[in-house]
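K.L.:
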Amino acid sequence: MNDMRVAIIGGGLAGLNVARLLHRAGVDIQLFEARGRFGGRILTVDAQGAAGEDGFDLGPSWFWPGMQPAIAALVGELDLPSFPQRTEGDVIFERMSREGPRRYPTPPQEPQSLRLAGGCAVLIRELRRDLPAERLHAGVPVTRLDLRAGGVRLTLPGRTVTADHVIAALPPRLMQATMSFNPALPPETETLWRGTPTWMAPHAKVFAIYDRPFWREAGLSGTAQSMVGPMPEIHDATTHDGQPALFGFLGIGAAERARIGEATLIRACVDQFVRLFGAEAARPRATLYKDWAADPLTATDADPASSDHPVFAPQWVQGPWSEVLTMAGSETSTHEAGYLAGAVEASSNAAAAVMQGIGARAG
Ligand SMILES: Cc1cc2nc3c(=O)[nH]c(=O)nc-3n(C[C@H](O)[C@H](O)[C@H](O)COP(=O)(O)OP(=O)(O)OC[C@H]3O[C@@H](n4cnc5c(N)ncnc54)[C@H](O)[C@@H]3O)c2cc1C
28 MNDMRVAIIG
38 GGLAGLNVAR
48 LLHRAGVDIQ
58 LFEARGRFGG
68 RILTVDAQGA
78 AGEDGFDLGP
88 SWFWPGMQPA
98 IAALVGELDL
108 PSFPQRTEGD
118 VIFERMSREG
128 PRRYPTPPQE
138 PQSLRLAGGC
148 AVLIRELRRD
158 LPAERLHAGV
168 PVTRLDLRAG
178 GVRLTLPGRT
188 VTADHVIAAL
198 PPRLMQATMS
208 FNPALPPETE
218 TLWRGTPTWM
228 APHAKVFAIY
238 DRPFWREAGL
248 SGTAQSMVGP
258 MPEIHDATTH
268 DGQPALFGFL
278 GIGAAERARI
288 GEATLIRACV
298 DQFVRLFGAE
308 AARPRATLYK
318 DWAADPLTAT
328 DADPASSDHP
338 VFAPQWVQGP
348 WSEVLTMAGS
358 ETSTHEAGYL
368 AGAVEASSNA
378 AAAVMQGIGA
388 RAG
């Protein structure tokens with residue numbers, strides 16, 4: 028007899044969704060999350076940078092209900108208010124440094140991108156609401172899996188636990204790089220996982236939070252594209268309750284970012300905000316910076332080198348592990364892999380497959 032029916036590794040959107048679906052179906056689950064917080068790549072912070080459930084999205088910001096029915100359905104089921112990414116006003120285009128930035132009317136946005144009121148962490152808050160706290164373990168990394176008669180032994184800090192089945196709700200590349208397997212994964216599985224890019228892992232975001240949305244007052248939407256940098260893409264990040272902010276993705280590679288350092292990068296980004304949006308941008312109330320490539324619970328050394336989309340794989344786990352291990356992270360989804368929508372779809376499919384297996388074994 029094992030300690031639990033299903034052990035879930037990872038407490039991001041995928042892990043918590045699969046936990047919720049299995050718990051709702053009466054399956055005995057325990058979830059182990061390495062970070063001290065839940066959410067994974069979903070990270071909403073306040074102006075001081077403290078993680079919470081209302082503020083600025085340092086990870087994902089948008090979903091596209093028109094082409095992503097899985098996340099649209101979850102947002103609907105959880106009854107979460109959303110609002111469109113602000114695009115009213117002109118867009119700015121900066122072509123080269125010796126030519127001033129130019130403004131153009133914003134083209135209609137298709138498909139429409141939506142943001143969640145409060146930030147994406149509200150998804151995590153709502154998924155956790157249905158789950159007993161004693162089944163969710165934060166700050167507990169799983170470091171090793173041993174295949175044994177009747178299930179799997181998981182190595183956690185200072186102890187081991189056993190489960191009939193394991194659901195891995197984390198990027199395959201991260202899992203391959205940071206966990207050990209006994210017996211070893213088949214070479215084709217190892218190659219597949221290592222070759223699957225973790226979506227957005229090479230990227231970094233910078234936010235500048237202001238007292239007034241001065242760019243709106245000047246008829247600008249907050250959207251800008253730049254071939255000068257350091258940010259090639261900038262958007263309005265004002266919260267639903269009206270804290271004005273702009274954010275941009277850094278266009279400088281991860282190794283170079285590490286060399287330059289956060290303080291210098293933020294200064295260069297604020298200078299760019301001034302160039303594009305005017306002198307008032309020079310005095311943000313606060314700035315925020317998150318470099319996902321430097322986060323070892325998202326990115327591996329391989330990620331900065333490849334920022335492609337994950338590709339479809341017909342079988343994520345081969346050999347003896349295929350009976351007891353199911354992948355559920357966004358990168359393993361058949362649709363919208365890498366996105367929030369992919370995390371919902373892959374985890375819903377994993378829950379259905381595991382419940383079917385349990386039903387078959389019980390019968
Ligand atoms: C900067 C950025 C912007 C993005 N923008 C968008 C967007 O606008 N729209 C969109 O749809 N998607 C976007 N994404 C992608 C989106 O964030 C992901 O698709 C989604 O959050 C993935 O969820 P997940 O649960 O599959 O994986 P993750 O969120 O990565 O969760 C995996 C979890 O596993 C944990 N873990 C890792 N190793 C272990 C271990 N050994 N033991 C236990 N736990 C472990 C991690 O700590 C993490 O909590 C963005 C991502 C980033 C980084």
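Letter by letter, the sequence shown follows residues 28 to 390 of this note's numbering. All residues carry an ideal CB built from backbone N, CA and C; glycine is no exception.
1) Counting Cβ pairs, one atom from each stretch, are 3 or more of them under 8 Å apart for the region 179 to 190 and the region 64 to 74?
2) Can you tell me whether I98 is helix, strand or coil according to DSSP?
3) Out of E60, A272 and T218, point me to the one whose CA is closest to F83's CA.
4) In the DSSP assignment, what residue or residues form a beta bridge with P132?
5) State the beta-bridge partners of Q383 as determined by DSSP.
6) Tell me the DSSP secondary structure of M31 in three-state form.
7) Quick one: residues in its chain with C-beta nearer than 7 Å to the C-beta of E260, no 5 flanking neighbours on either side, listed in chain order?
8) Need the endpoints of the beta strand (DSSP E) that M354 sits in, please.
9) Mapping DSSP to helix, strand and coil, what is A77?
10) Is it a yes or a no for the region 158 to 166 touching the region 40 to 51, going by three-plus beta-carbon pairs under 8 Å?
11) Is it true that the region 134 to 147 meets the region 318 to 330, where meeting means three or more beta-carbon pairs spaced less than 8 Å apart?
12) Cβ of L150 versus every heavy atom of ligand 1: is any distance shorter than 6 Å?
13) State the beta-bridge partners of D173 as determined by DSSP.
14) Are there three or more Cβ pairs, one per stretch, closer than 8 Å when the region 214 to 229 is compared with the region 59 to 66?
15) What did DSSP end up calling T223 once you bin it into helix, strand or coil?
16) Once DSSP output is grouped into helix, strand and coil, what is the label at Q203?
17) Using 8 Å for Cβ pairs, my map puts D330 next to A320. What's the rounded Cβ distance?
18) Where do the ends of the alpha helix (DSSP H) carrying A148 lie?
19) Which residue's Cα is closest to the Cα of R152: M31, V344 and G38?
20) Can you check whether the CB of Q342 is closer than 7 Å to the CB of P213?
21) Under a three-way DSSP split, which group does Q299 fall into?
22) So for E372, helix, strand or coil by DSSP?
23) Please check the pair R64 and A165, which I expect to be a contact at CB under 8 Å, by giving their CB distance rounded to whole angstroms.
24) Which residue spans inside the region 310 to 350 form an unbroken beta strand (DSSP E) run of at least 3?
25) When you compare only the Cα positions, how much space is there between A281 and H230?
26) Spell out the partners DSSP gives F234 in its beta bridges.
27) With distances taken Cα to Cα, identify the nearest neighbour of Y366 among P347, P198, A308 and I194.
28) Would you mind sorting A211 into buried or exposed? The rule is 16 or more other CB atoms within 10 Å of its CB.
29) Could you check what DSSP says for P111 in three-state terms: helix, strand or coil?
30) Can you name, in chain order, every residue of its own chain whose Cβ lies under 6 Å from the Cβ of P18, other than the five neighbours on each side?
31) Suppose contacts are defined by Cβ-Cβ distances below 7 Å. Is L352 in contact with V193 by that definition?
32) Could you check the C-alpha separation between L105 and E126 for me, to the nearest Å?
33) What residue range is occupied by the uninterrupted alpha helix (DSSP H) comprising R284?
34) Would you check whether ligand 3 has a heavy atom nearer than 6 Å to the C-beta of I261?
35) CB Q299 to CB M254, shorter than 7 Å?
36) Ends of the alpha helix (DSSP H) at A41?
P.N.:
According to the data block:
1) no
2) helix
3) A272
4) Beta bridge pairing from DSSP links P132 with D117.
5) Beta-bridge pairing links Q383 to no other residue.
6) If DSSP states are grouped into helix, strand and coil, M31 belongs with the strands.
7) Q252, G275 and F276
8) L352 to M354
9) coil
10) Touching, yes, given that three or more Cβ pairs across the two stretches are closer than 8 Å.
11) no
12) no
13) R180 and N209
14) Contact between the region 214 to 229 and the region 59 to 66 is absent, because fewer than three Cβ pairs lie under 8 Å.
15) DSSP, reduced to helix, strand and coil, places T223 outside both helices and strands of the structure shown, so it counts as coil.
16) helix
17) Contact flag correct, Cβ pair sits at about 6 Å.
18) A148 to R156
19) G38
20) Not closer than 7 Å, so no.
21) If DSSP states are grouped into helix, strand and coil, Q299 belongs with the helices.
22) helix
23) 6 Å
24) 313 to 318
25) Their backbone Cα atoms lie some 7 Å apart in a straight line.
26) F274 and L315
27) P198
28) exposed
29) Of the three classes helix, strand and coil, the one that applies to P111 here is strand, per DSSP.
30) A question about residue 18 goes unanswered here, because the residues of the chain that appear run from 28 up to 390.
31) Against a cut-off of 7 Å, the Cβ pair of V193 and L352 comes out as a contact.
32) Cα-Cα distance, rounded: 48 Å.
33) A281 to I287
34) Among the ligands in the structure shown, ligand 3 does not appear; only ligand 1 can be found there.
35) In this structure, M254 does not lie closer than 7 Å to Q299 by Cβ.
36) L40 to R51
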